[in-house]
DNA sequence: CGAAGGCTTGATAGACCTCAAACACAGTGG
DNA sequence: CCACTGTGTTTGAGGTCTATCAAGCCTTCG
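Chains as they are written, first to last, in the numbering used here: chain F, -7 to 222; chain S, -7 to 222.
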């Protein structure tokens, strides 16, 4: 069994992520370690894949912060999800040829590209890995549903509170928090695009949350003060 | 190779659905036909699975119309998806033990329950079936994303127009349309719950669409008159 | 230091919601 | 056969939430 501490970090990410969501056999792990990776560093606000593309590889986030989004013809934008290191945001392109949305970086980000063919071989030979990937897309869909209820049925105030808590939890899971606070890697405009709100309204609601004592904002650093208060 | 015309209809549904989204081998098909089904007829507005349940079987829709939805503590409701015959709306419970939402009927509906154990055996033994199921959840997630952009970034007018078109296409796919019109199986209140709107506003917007000559409504029958006009 | 991007503020407008009541229609029971 | 009931649809009035437009301000960075 491979010792995580001896792995190059780009190998470690995927392994950690998948073992966190499914049981993998030793053979599964070995197979994952053999995957060919092409590592690339990307500046902020760069598209990794675009709506309509037919990629031949999928990208694993190694470091940084990435989102999936869709654009309306007139420029309106909806961000559908955020992704932290270990995620493969466009894994779906393996089975669904054409992208129905774009994937882009929000900050400087390091990604590893994995050829579809290698991934396909893997899933055919290792049912455990196929199951893990399937499970991952099921979790993905569950998060989409959670966002849907926010977009459809929650007020701006509730939506923002929710998202700030979600991000706090996710950053804690990846070890990026420091005494219950974290650096928000997205602008208020991007928050608005994720929550279906205008930038102005995001700003005002953020002030309301601060005023109510639920959060504190120092620069880009967010601290959730009251986890029950909404 | 089994001839679809000789199958009992409840067997046929699933086979048709899966072959429409993936390539299945003859062995795959045979295996699917061996699945144990427990058929049940349900009246309208009945929950099949509830948020928080840990089902031990999944349900295949044979006839009727079903939706997935989530409830907020104060009663606000968001419908996340509609499902036509051939769909397995709670397939996810196979891998994600606890339901994060409910599944309920909108009209009188016939469903078939399939034990998780049988489904698990199948996916372990037939990678083609596992792939088909995975692909199905990927399509599911893509539809969620499409709805998200509606909820987040489209006006009530656009949302309703979009949904009516989507339903027209889906009913045509299942052969339930008659000269470009179909019987809408949902109330205006349910439409509102799916689109994040109030019943009253759905009603007024529907009138607007009719006034603009885009659709016609006779009772529960909807006809899309102008496919480009929005 | 200047420029650029992000944040903040004010004023105004519009989309959408809530409440409340009337209406239409189908199914039920006397 | 006809009131009766229940569910779904329609209308009106008023209010709230959120968007838009247009500045000004603050940081960061070359």
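Think of the CB as a built atom: it goes at the ideal place given N, C-alpha and C, for glycine as much as any other residue.
Since the structure is predicted, the reported quantities are computational estimates derived from the model, not experimental observations.
Asked: Residues near residue 75(S) in its chain [Cβ-Cβ closer than 6 Å; skip 5 each side]; Found: 53, 58, 81
Asked: Chain F residues whose Cβ lies nearer than 8 Å to that of residue 119(S); Found: 115, 116, 119, 122
Asked: Residues near residue 51(F) in its chain [Cβ-Cβ closer than 8 Å; skip 5 each side]; Found: 40, 41, 80, 81, 82, 95, 103, 104, 105, 106
Asked: Members of the stretch 124 to 138 of chain F that neighbour chain S once the beta carbon cut-off is set at 8 Å; Found: 125, 126, 127, 129, 130, 131, 132, 133, 134, 136, 137, 138
Asked: Three-state class that DSSP yields for residue 85(F) in the structure shown; Found: helix
Asked: Nonlocal neighbours in the same chain, by C-beta distance under 8 Å from residue 73(F), ignoring five residues either side; Found: 59, 60, 81, 132, 135, 136, 139
Asked: Host alpha helix (DSSP H) of residue 115(S) (start-end); Found: 108 to 117
Asked: Rounded straight-line distance, which links the Cα of residue 100(F) to that of residue 193(S); Found: 43 Å
Asked: Residue 14(F) versus residue 208(F) - alpha carbon distance; Found: 36 Å
Asked: Supposed close pair residue 197(F), residue 152(F) - CB separation, criterion 8 Å; Found: 5 Å
Asked: Assigned secondary structure, residue 93(S) (DSSP; H/G/I helix, E/B strand, else coil); Found: coil
Asked: Under the three-state DSSP convention, the category residue 69(S) falls into; Found: strand
Asked: Contact set between residue 140(F) and chain S, taken where Cβ atoms lie within less than 7 Å; Found: 70, 72, 136, 139, 140, 143
Asked: Neighbourhood of residue 69(F) by C-beta distance below 6 Å, restricted to the same chain and skipping five residues each side; Found: 61, 63, 185
Asked: Check whether residue 181(S) and residue 97(S) have beta carbons under 7 Å apart; Found: no
Asked: Own chain, CB closer than 7 Å to residue 6(S), minus 5 neighbours either side, in chain order; Found: 24, 52, 78
Asked: Boundaries of the alpha helix (DSSP H) in which residue 80(S) is found, first to last residue; Found: Segment: none, residue 80(S) is in no alpha helix (DSSP H) and carries neither H nor E.
Asked: Stretch-stretch touch, CB-based, cutoff 8 Å, three pairs: the stretch 119 to 129 of chain S with the stretch 110 to 129 of chain F; Found: yes
Asked: Contact check, residue 28(F) vs residue 85(F), beta carbons under 7 Å; Found: no
Asked: Short CB-CB distance (under 7 Å) between residue 67(S) and chain F; Found: no
Asked: Rounded separation between residue 188(F) and residue 142(S) - CA only; Found: 10 Å
Asked: Distance between beta carbons of residue 93(S) and residue 130(F), contact taken as under 8 Å; Found: In fact, because the Cβ distance is near 13 Å, the residues do not count as touching under 8 Å.
Asked: Neighbour list for residue 188(F) in chain S, Cβ cutoff strictly below 7 Å; Found: 143, 144, 145
Asked: Where residue 227(F) meets chain S, residues with beta-carbon distance less than 7 Å; Found: No statement about residue 227(F) is possible, as the shown extent of chain F runs from -7 to 222 and does not include it.
Asked: Span separating the alpha-carbon of residue 128(S) from that of residue 172(F); Found: 39 Å
Asked: Exposure label - residue 115(F); buried when at least 16 CB within 10 Å; Found: buried
Asked: Straight-line gap, residue 174(S) to residue 164(F) (C-alpha atoms, nearest Å); Found: 50 Å
Asked: Partner residues on chain F for residue 7(S), Cβ-Cβ distance less than 7 Å; Found: Ordered by position in chain F, no residue passes the 7 Å Cβ test against residue 7(S), which lies about 20 Å from the chain.
Asked: CB contact flag (residue 91(F), residue 18(F), <7 Å); Found: no
Asked: Inter-residue Cα distance where the pair is residue 65(S) and residue 22(F); Found: 45 Å
Asked: Under 9 Å from the C-beta of residue 108(F): neighbouring residues of chain S; Found: Ordered by position in chain S, no residue passes the 9 Å Cβ test against residue 108(F), which lies about 13 Å from the chain.
Asked: Proximity to residue 67(F) [Cα-Cα], best of 218(S), 146(S), 215(S); Found: 146(S)
Asked: Length of the line joining the Cα atoms of residue 241(F) and residue 32(F); Found: In this structure chain F extends from -7 to 222, so residue 241(F) is not present and cannot be described.
Asked: Cβ neighbour criterion (16 or more within 10 Å) applied to residue 203(S); Found: exposed
Asked: Residues near residue 224(S) by beta carbon distance below 8 Å, same chain, minus five either side; Found: With chain S represented from -7 up to 222, any question about residue 224(S) goes unanswered, as that position is not in the structure.
Asked: Buried or exposed (CB count within 10 angstroms, at least 16 for buried), residue 49(F); Found: buried
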